[in-house]
Every structure is written in C-alpha cells, then in structure tokens.
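Read in the working numbering, the sequence shown has 59 at position 45, and its numbers run on one by one without any break.
Single-structure report; data block below.
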Amino acid sequence: MYIQYYDSPLGKMLLAADEIGLIGVWFENQKYYANGLKDPVEKEMVVLKETKEWLNLYFSGKEPKLLPKMHLIGTQFQKKVWNILLNIPYGKTVTYKDIARMISPTMSAQAVGSAVGHNKISILIPCHRVIGSNNNLTGYAGGIERKEILLKLEKKHGI
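What follows is the structure, encoded as structure tokens:
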C-alpha cells in the first residue's frame, strides 16, 4: 500500500492506493481514518498524482470529469451503495431513504447510512451529497462542517 498527503482547503488529507487503484482518501482525524492500511509506504504513484489533480480541480470550483482508477474494498452491499453514490450528480443531493429505495423497497435507510459512513474514498465517492429525509445534514465521517462546505462549494459552482 502506498500513500501521499494532500493539503486541501479543509485540512490535510491522506491518499492511499495499491497496485489496482485508489483505496482511500481521508481527512486527517476523520472517523475510520486510514482504516485498513497496513505498513503503507510513502511513494508517488500515477493514481495518487491523478487523485491530487482531481482534488485540485474540485477545490478550485470545477467539476472533475474523470475519476482516477479505484479499488473499492468493502462488502458487496457497501460497494453497491458506493456505486450509487458515484451517480449522484455534482451539486445535487439525495437522501439515505432514496438510496435505500433504489436497492429494495424494504431496505432500511440506516443500513445505507452505515455503508455510506464506511466509504473510504471521501469526496471522489460523494458521500457528502447524502442527506437526511428532512434535508438535515446528517452523518459525515469528515465532520458536518466539512460536509456543509463541500455542498456549498458544489452549489456555488454547480449548474
């Protein structure tokens, strides 16, 4: 596993990759920080360079079009939820309940919330775009303040 650091406007971030692709993007001290990293080596890799470029575009207020290659590590359910997150348009939000209904009429929003909360690739897999049914900014491993800033950034520069 390989890592690099990125200084974002919202704080230092840890980027992690393996030979397959990007495996993690965390804000320093966020919930589940560096979860699953074993003996990482700080090394420049193409995917980490592409991730930094993606984040530079994003934080400059532009919508990045191409994602770096990712290696999603999680349960089948988590991966299903994360793939749904990847389809939430820039500047838009959906509720946990909306995502639950996309999966099954009986799926619980809480189960979706757990999978969203365990997303290891912050911002690129846009878990910050998921809100509570009453439009509250609930649950964000990087902190509600960051979630609010990310959503404002996207609304300000969105379509």
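For every residue, glycine included, the Cβ atom is placed at its ideal position computed from N, Cα and C.
For E56, the secondary structure class from DSSP, reduced to helix, strand or coil, is strand.
Around the beta carbon of K161, 16 or more other beta carbons lie within 10 angstroms, which makes this residue buried. A direct Cα-to-Cα measurement between L51 and A30 gives close to 8 Å. Bounds of the alpha helix (DSSP H) holding L99 are 90 to 99.
In the displayed model, M84 falls within a strand according to three-state DSSP. Membership of Q124 in the alpha helix (DSSP H) is indicated by the continuous run 123 to 131. Taken through DSSP and simplified to helix, strand or coil, Y72 comes out as helix. Taking the CA atoms as reference points, Y154 sits about 12 Å from W40. 7 Å or more divides the Cβ of V61 from the Cβ of G88.
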